[in-house]
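Heads up: the sequence shown begins at 1 in UniProt numbering, then just goes up one per residue. Just so you know, even glycine gets a beta-carbon here, dropped at the ideal spot from N, CA and C. Treat the numbers as computed from the prediction; the structure is a model and nothing was measured. The next block holds one structure in the form of structure tokens; read it before the comments.
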Amino acid sequence: MVNHKRRKRLLKLLAEHQSASVPQLVEWLSASPATVRRDIAWLAARNLLTRTRGGAANLAQKKRNFTLASETFDHNIQCFAERKRAIARYAAGMCDEGETIVINGGTTTFMMAEFLVDKHLKILTNSFLMAERLLVSSENEIILPGGKVYREQNVILSPFDNDITQHHYAAKMFMSVYGLSLLGLMEADPLLIQAEKRLIGQAEELIVLADSSKFAKKAGLILCGLDRVSTVITDTNASDGAVQLLEQSGVKVVTVAPEAVPAPQPPLAFPYGFEFQAQGMFQAEVSH
1 MVNHKRRKRL LKLLAEHQSA SVPQLVEWLS ASPATVRRDI AWLAARNLLT
51 RTRGGAANLA QKKRNFTLAS ETFDHNIQCF AERKRAIARY AAGMCDEGET
101 IVINGGTTTF MMAEFLVDKH LKILTNSFLM AERLLVSSEN EIILPGGKVY
151 REQNVILSPF DNDITQHHYA AKMFMSVYGL SLLGLMEADP LLIQAEKRLI
201 GQAEELIVLA DSSKFAKKAG LILCGLDRVS TVITDTNASD GAVQLLEQSG
251 VKVVTVAPEA VPAPQPPLAF PYGFEFQAQG MFQAEVSH
């Protein structure tokens, strides 16, 4: 493929997927990694795309004003994926058949979905991507709160206190956080704080999924103190000092070894029958 056609195709792919890593672009364009990197540099120099760590992003996405200050879901899920997968597997193993749990939106908590497909749980989650995956692949009962969908962070958030979460009680809540320190769990967005506090209030046991990079991240907002946390699941890269400080604060700490992440699978879609029924409902709605 000649240069201009390949670069045009690259931009089209970014418009469709919003962002991509170099290995993904190598596969899609049937080009070498060196060629792809040169194309990214050439297009970035002309302000036609945004260079990212390990890949590129659609320029339109970069210019968008996100309502939430946190980084995008697509960006975060690629960071420390081996650590997050191991943490998610262990967390899913803590779920007992038939119990009600809360899972907040986040990349580490989202990875739990793969290991929950054979469970029979009642799951309240504000991650619409997790809800879709579990609806398609499992028999878990899924409950979603009402609110505004934030696509870039893959969460549903409501600014109101009287949403559906107040009517559900859970044995356990699994959550990801922006940062973790002796002051407690830290977040970067006031709206996230507000929504997550409501979820925490509905759970008996709070279990935090935090890869070791979270110990170095600082934010200006404290979600809750460590006295509310029962367990932190992290990876073996966490320093002994950080683990000891958490344990001295009364928090149980579990460390797991990172594990390999399998090759990406095609995106899940709702079964045809569901689409047909949904289409019929919309048509009926219009006819009335």
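- With a contact defined as Cβ atoms closer than 8 angstroms, residue 102 and residue 128 miss out at about 15 angstroms.
- Ranked by how close their Cα comes to the Cα of residue 58, the residues 204, 20, 78, 146 have 20 in first place.
- Contact between residue 144 and residue 131 holds, with the beta-carbon distance rounding to 5 angstroms and staying under 8 angstroms.
- DSSP places residue 73 in the helix class (H, G or I) of the three-state scheme.
- The C-beta distance from residue 98 to residue 154 rounds to 27 angstroms, too long to meet the 8 angstroms contact threshold.
- The residue among 177, 216, 8, 24 with its C-alpha nearest the C-alpha of residue 192 is 177.
- With a contact defined as Cβ atoms closer than 8 angstroms, residue 236 and residue 219 miss out at about 24 angstroms.
- Taking every protein chain shown into account, the CB of residue 197 has fewer than 16 other CB atoms within 10 angstroms, so this residue is exposed.
- If only complete runs of 3 or more residues are kept, the region 96-144 shows the beta strand (DSSP E) at 100-103, 122-125, 141-143, in order along the chain.
- In the same chain as residue 115, and ignoring 5 residues on each side of it, the C-beta atoms closer than 6 angstroms to its own belong to 89, 92, in chain order.
- According to DSSP, residue pairing for residue 222 in a beta bridge involves 186.
- Taking a 10 Å sphere around the C-beta of residue 225, we find fewer than 16 other C-beta atoms and assign the residue as exposed.
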